[in-house]
Every structure is written in structure tokens, then in C-alpha cells.
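Accompanying notes for the structure given below.
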């Protein structure tokens, strides 16, 4: 389940995803998505930009599994401000990372979530698992 959003926030296609306008490309690019990871003490900040479809979700999961060692009590913050599209596979990748972090007694949350993506994640009740902060 996903939603596409341009200026008019319309639903497109059967599988969908959420689409927004702005795109910033920086960091490691994986298909149509770029990922920047910053480590600060016991906090990891992951910034995602672009589109996370099926291919990008698979690449992202492999990238994070190989480059992101999880330590006890780690805090992971994912900034979705530049995300244009989030499909079902991308949601699955986020959930897999959440499980990995919380299995090690870590804290996980998503920030700067674009409106349509935020509403989709709330509709899926992911706010009952971890903190969701909409874009201001």
C-alpha cells in the first residue's frame, strides 16, 4: 500500500507510494534514492532523499545491513524530508531496521516526514511502534 502525491495529492496506480516535489541528491545514491548516514556518539542519523521503490528498498536494506553496525542502546533517527516516494517495499525496509534496532534495546524514530507519507504511516498504525514526526 502506498500513495503518490504531487501538488494535488492524487492516488496513482495500484501499488502506489507517496510522491512529493522537492528532490535533493547527496550521499550514497542507490537507484533513484540517496542515503546519507552520520554517526554522533550513540546516535545514527540517516537522511533519505528521492524515491524508495522495490529496487531502492532492496539496495537500501543491503547497504544498511553492511554499513550500519548496531550497538546496544543505539538511537537511530531517519530523516525523510527529501523523500518523494515510499512504496510498500520501502516501508518493509524501515520496519526491518526498526526490528534490528529495538532488538538491541535501541530507540528508533522517523522525522521530517512529508504530509502524505506521514498520513500513510499513521494509517498503517506505525505510530504505535515508533515515533513519527511530520515535516514542519
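Numbering (the UniProt record's numbering), first residue to last: 1 to 136. All residues carry an ideal CB built from backbone N, CA and C; glycine is no exception.
Item: Of all the alpha helix (DSSP H) runs that stay within the bounds of the UniProt domain "STAS" (46–136), which reach a length of 4 or more residues?; Value: 54–67, 88–103, 115–123
Item: Drop a sphere of 10 angstroms on the beta-carbon of residue 79, count the other beta-carbons inside from all chains shown, and report buried for 16 or more, exposed for fewer.; Value: buried
Item: Kindly list the residues whose CB is nearer than 7 angstroms to the CB of residue 117, restricted to its own chain and excluding five residues on each side of it in sequence; keep chain order.; Value: 18, 80, 83, 86
Item: Check each candidate in 108, 124, 132 and name the one with the smallest Cα separation from residue 45.; Value: 108
Item: Over the uninterrupted beta strand (DSSP E) stretch that includes residue 28, give me the two end residues.; Value: 28–30
Item: Give the straight-line distance between the Cα atoms of residue 34 and residue 73, rounded to the nearest whole angstrom.; Value: 26 angstroms
Item: Residue 52 and residue 92: beta carbons closer than 8 angstroms?; Value: no
Item: Give the C-beta separation of residue 112 and residue 75 to the nearest angstrom, bearing in mind that I take them to be a contact with Cβ-Cβ under 8 angstroms.; Value: About 16 angstroms separates the two Cβ atoms, so there is no contact after all.
Item: If you drop the 5 nearest sequence neighbours on each side, which residues of the same chain put their C-beta closer than 7 angstroms to that of residue 122?; Value: 132
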